[in-house]
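Asker: At position 335 of the sequence shown (counting the first as 1) the number is 629 in my numbering, and the numbers step up by one without a gap. Beta carbons: idealized from backbone N, C-alpha and C, even for Gly. This is the structure, below, for whatever I ask next.
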Amino acid sequence: MVAASVPIEQLVGQHITFGYNEQTLLFDVSLRVQAGEMVALLGPNGSGKTTLLRLLSGVLRPRQGTILLEGRDLRSWGRRGIARRIAVVPQDLHTPFQFTVEHMVGMGRAPFQSSFLGAPSKEDDVMVAEAMEEAGVASLAGRVFNELSGGERQRVMIAMALAQQPAILLLDEPTSHLDIKYQIETLELVRHLNQRRATTVIAAIHDLNLAARYFPRLILFQRGIVADAGPAEVLDSALLKKVYGVDVQVGIMRGSVHLSILPPAENTRAEPHEVEQHPHIHVLAGGGSGEVLMRALADERYAFSAGALNIGDSDHTLALRLADDVITEQPYAPISPGALEHVRERFRHTGILILCPMPIGPGNVPLLREALAARRKGLTILLLDAPKGSVSVCLDGKKNSSEVVARDYTGGEGTQILTELVGAGAISFASVQEVLEWLRQHAPNNVVVRPPA
295 MVAASVPIEQ LVGQHITFGY NEQTLLFDVS LRVQAGEMVA LLGPNGSGKT
345 TLLRLLSGVL RPRQGTILLE GRDLRSWGRR GIARRIAVVP QDLHTPFQFT
395 VEHMVGMGRA PFQSSFLGAP SKEDDVMVAE AMEEAGVASL AGRVFNELSG
445 GERQRVMIAM ALAQQPAILL LDEPTSHLDI KYQIETLELV RHLNQRRATT
495 VIAAIHDLNL AARYFPRLIL FQRGIVADAG PAEVLDSALL KKVYGVDVQV
545 GIMRGSVHLS ILPPAENTRA EPHEVEQHPH IHVLAGGGSG EVLMRALADE
595 RYAFSAGALN IGDSDHTLAL RLADDVITEQ PYAPISPGAL EHVRERFRHT
645 GILILCPMPI GPGNVPLLRE ALAARRKGLT ILLLDAPKGS VSVCLDGKKN
695 SSEVVARDYT GGEGTQILTE LVGAGAISFA SVQEVLEWLR QHAPNNVVVR
745 PPA
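Quick look at the structure:
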């Protein structure tokens with residue numbers, strides 16, 4: 295009896311965080327790529343796609359976290375060792391020298407040569423010839439690289455990568471400056487290499503339709519992983535609108551997911567009666583305290599907004615998938631004046647605020663103050679206790695449980711605000727189920743409900 299083969303985790307990122315100075319570009323990113331996979335990295339400009347590729351290739355080192363190549367820490371491989379396993383194809387490449395195509399492709403053999411200026415071996419010559427043939431640039435061998443078209447240069451760079459005989463091919467926006475003919479040719483070549491050589495491919499792609507057509511696995515970024523699955527799951531119109539900020543229509547064309555960007559409506563200013571169509575539930579959470587509630591609201595098809603939430607917080611990642619609007623703040627950062635004003639505006643158009651049992655620190659105390667001010671102006675506020683067996687607020691207007699102190703890191707200021715909220719009429723609930731029952735009884739006509747999927 296032959297044992298089933300176990301997929302090999304070829305490249306693993308564990309809780310990667312990276313940034314420059316005080317700006318965090320990637321926060322707590324974890325991914326596992328198996329040998330032979332084709333993975334597309336998606337996301338708007340600045341979302342961290344190129345940064346992740348540079349981290350995976352060893353050009354950058356993470357501020358926190360670990361990258362494993364074939365089970366070993368990437369740093370232990372050394373530059374030559376990494377170059378023998380991973381090849382990188384940049385967006386474009388220009389050289390001040392008049393190198394021929396054959397010379398450029400030959401540079402891919404550098405990791406196998408004793409010195410950069412050393413004479414190539416017969417094996418090097420064979421590998422270069424095979425790489426040019428497979429990439430379809432053998433006829434360009436004597437041409438000057440800088441004189442080629444964009445599509446031709448892209449193929450030469452892929453040939454240069456192939457000469458390295460890599461197990462993993464990283465491509466940074468390989469179709470961004472190409473016309474449609476060369477876009478298709480480039481990705482057809484990449485898919486051919488994946489199928490023929492079993493080369494693992496990880497590519498940052500800006501064209502969602504091309505990503506859906508050529509890549510079985512898509513990872514959507516917004517300074518962290520928002521979604522990681524197949525095209526049908528990741529290319530969801532509501533999710534893409536939150537990440538890219540545009541309306542997208544998703545359909546099926548010739549068996550592949552196809553997207554169309556929808557133009558803005560002529561009348562984008564909401565009329566007074568349209569204000570009532572905004573979500574009337576807003577969730578204040580953080581640190582994972584809102585996960586059960588948000589999933590329950592989504593299961594019941596309640597429309598809701600959430601935030602402010604820091605990028606990288608598990609509640610932020612979930613809210614991007616489930617909420618109709620998410621107020622976002624930078625990782626580890628206190629609530630900024632801009633985000634706080636957004637929260638105030640949201641409270642003005644919210645009928646019900648649900649406050650989850652989040653850890654209370656100096657960074658989110660301003661949110662509690664805004665909630666208290668909104669309650670005094672008449673906003674209905676529901677206080678959700680922590681699950682049984684964990685820290686619980688247990689504020690019922692009659693007693694102030696000492697348990698809330700266990701998650702109050704403000705020296706008592708947070709506890710005082712919660713107590714004042716109860717005194718001002720906020721309603722406490724012991725479970726998410728109780729919150730749902732209250733919503734069904736007291737707000738059936740005041741809450742926008744999503745239509746069934």
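Please tell me whether L456 and A526 are closer than 9 Å, where the distance is taken between their beta carbons.
Answerer: The answer is no: Cβ separation not under 9 Å.
Asker: Strictly by DSSP, which residues pair up with V495?
Answerer: In DSSP, V495 forms a bridge with M332 and L463.
Asker: Measure the C-alpha to C-alpha separation of Q735 and K535 and round it to an integer number of angstroms.
Answerer: Rounded to the nearest angstrom, the two C-alpha atoms are 32 Å apart.
Asker: Using 8 Å for Cβ pairs, my map puts F321 next to I605. What's the rounded Cβ distance?
Answerer: Indeed they touch by this definition, with Cβ atoms about 6 Å apart.
Asker: On the CB-based measure, 16 or more other CB atoms within 10 Å of its CB, does R447 come out buried or exposed?
Answerer: Result: buried.
Asker: Assign R669 to buried or exposed, taking buried as 16 or more other Cβ atoms, counted over all protein chains shown, within 10 Å of its Cβ.
Answerer: By the 10 Å Cβ count, R669 comes out buried.
Asker: So which of V450, I474, Q385 and G365 has the shortest CA-CA distance to F393?
Answerer: Closest option to F393, Cα to Cα, is V450.
Asker: Can you tell me whether P656 is buried or exposed, with buried defined as 16 or more other CB within 10 angstroms of its CB?
Answerer: Label assigned to P656: exposed.
Asker: Compute the minimum distance between the beta carbon of P414 and the heavy atoms of the ligand MN, and state whether it is under 8 Å.
Answerer: What this structure holds is no ligand at all, so the ligand MN is not there to describe.
Asker: Name the one or two DSSP bridge partners that N339 has.
Answerer: None, per the DSSP bridge assignment.
Asker: If we count the other Cβ atoms within 10 Å of its Cβ and call it buried at 16 or more, is D593 buried or exposed?
Answerer: Looking at its Cβ environment, which holds fewer than 16 other Cβ atoms inside 10 Å, D593 is exposed.
Asker: Report all residues from its chain with a CB closer than 7 Å to the CB of H500; omit the five preceding and five following residues, and keep chain order.
Answerer: Cβ within range, chain order: E467 and S470.
Asker: For A329 versus Q304, is the C-beta spacing smaller than 9 Å?
Answerer: Yes, the pair counts as a contact, with Cβ atoms nearer than the cut-off.
Asker: Our contact map puts L483 next to G444 with C-beta atoms below 8 Å; I'd like the distance itself, whole angstroms only.
Answerer: L483 to G444, Cβ: 14 Å. No contact.
Asker: Can you find a CB in chain B that lies within less than 9 Å of the CB of L319?
Answerer: Absent from the structure: chain B. Only one protein chain is present.
Asker: In angstroms, rounded to a whole number, what distance separates the CA positions of A597 and I646?
Answerer: Near 12 Å, if we compare the C-alpha coordinates of I646 and A597.
Asker: For the beta strand (DSSP E) containing D522, name the first residue and the last one.
Answerer: It spans I519 to A523 - the beta strand (DSSP E) in which D522 sits, taken as one unbroken run.
Asker: Under three-state DSSP, which class holds T251?
Answerer: What is shown of the chain runs 295 to 747, which leaves residue 251 out entirely.
Asker: Using 8 Å as the Cβ pair cut-off and three pairs as the minimum, do the segment 350-363 and the segment 416-430 touch?
Answerer: No: fewer than three Cβ pairs fall under 8 Å.
Asker: Just the C-alpha distance for Q317 and V323, rounded to the nearest angstrom, thanks.
Answerer: Taking the straight line from one Cα to the other gives about 16 Å.
Asker: Should Q516 go down as buried or exposed, given a rule of 16 or more other Cβ atoms within 10 Å for buried?
Answerer: Buried, by the Cβ-count rule.
Asker: Report the rounded CA-to-CA distance for I361 versus L649, giving the unit in angstroms.
Answerer: Straight-line Cα distance between these residues: approximately 37 Å.
Asker: How would you label G372, buried or exposed, when you count the other beta carbons within 10 angstroms and need 16 or more for buried?
Answerer: That one is exposed.
Asker: According to DSSP, D702 sits in a beta bridge with which residue or residues?
Answerer: Paired residues: I654.
Asker: With DSSP collapsed to three states, give me the class of E568.
Answerer: The pLDDT assigned to E568 is 40, lower than 50, so where the model puts this residue is not dependable; a value taken from the coordinates is nonetheless given after this. The answer is helix: DSSP assigns E568 an H, G or I state.
Asker: What are the residues that DSSP puts in a beta bridge with G307?
Answerer: In the DSSP output, where bridge partners are listed per residue, G307 has L325 and I361.
Asker: For the candidate residues D541, L677 and A590, whose alpha-carbon lies nearest to that of L715?
Answerer: Residue L677 is the option with its Cα nearest to L715.
Asker: By a C-beta neighbour count over all protein chains shown, 10 Å radius and 16 as the cutoff for buried, is A564 buried or exposed?
Answerer: Confidence is the limiting factor: at A564 the pLDDT is only 40, short of 50, which leaves the residue's position unreliable, though a coordinate-based value still follows. Exposed.
Asker: Would you kindly work out how many angstroms separate the C-alpha atoms of F723 and P660, rounded to a whole number?
Answerer: Using only the alpha carbons, I get a separation of about 23 Å.
Asker: Assuming E585 contacts D609 under a Cβ cut-off of 8 Å, what Cβ separation, rounded to an integer in Å, is found between them?
Answerer: About 6 Å separates the two Cβ atoms, so the contact holds.
Asker: Below 9 Å between beta carbons: does that hold for A461 and L347?
Answerer: No. Outside cutoff.
Asker: By Cβ distance below 8 Å, which residues in the same chain neighbour S630 in space, the five residues on each side in sequence not counted?
Answerer: Only E623 and Q624 meet the Cβ criterion.
Asker: Count the other CB atoms, across all protein chains shown, that sit within 10 Å of the CB of F391; report buried if there are 16 or more and exposed otherwise.
Answerer: So F391 counts as exposed.
Asker: Using a 10 Å radius around the Cβ and a threshold of 16 neighbouring Cβ atoms, would you call K343 buried or exposed?
Answerer: Counting Cβ neighbours within 10 Å, K343 comes out buried, since at least 16 surround it.
Asker: Taking the Cβ atom as the reference point for each residue, do V383 and L481 lie within a distance shorter than 9 Å?
Answerer: For V383 and L481, no; Cβs fall outside 9 Å.
Asker: By alpha-carbon positions, which one of L502, G672 and A453 ends up nearest to I721?
Answerer: The option with the nearest alpha carbon to I721 is G672.
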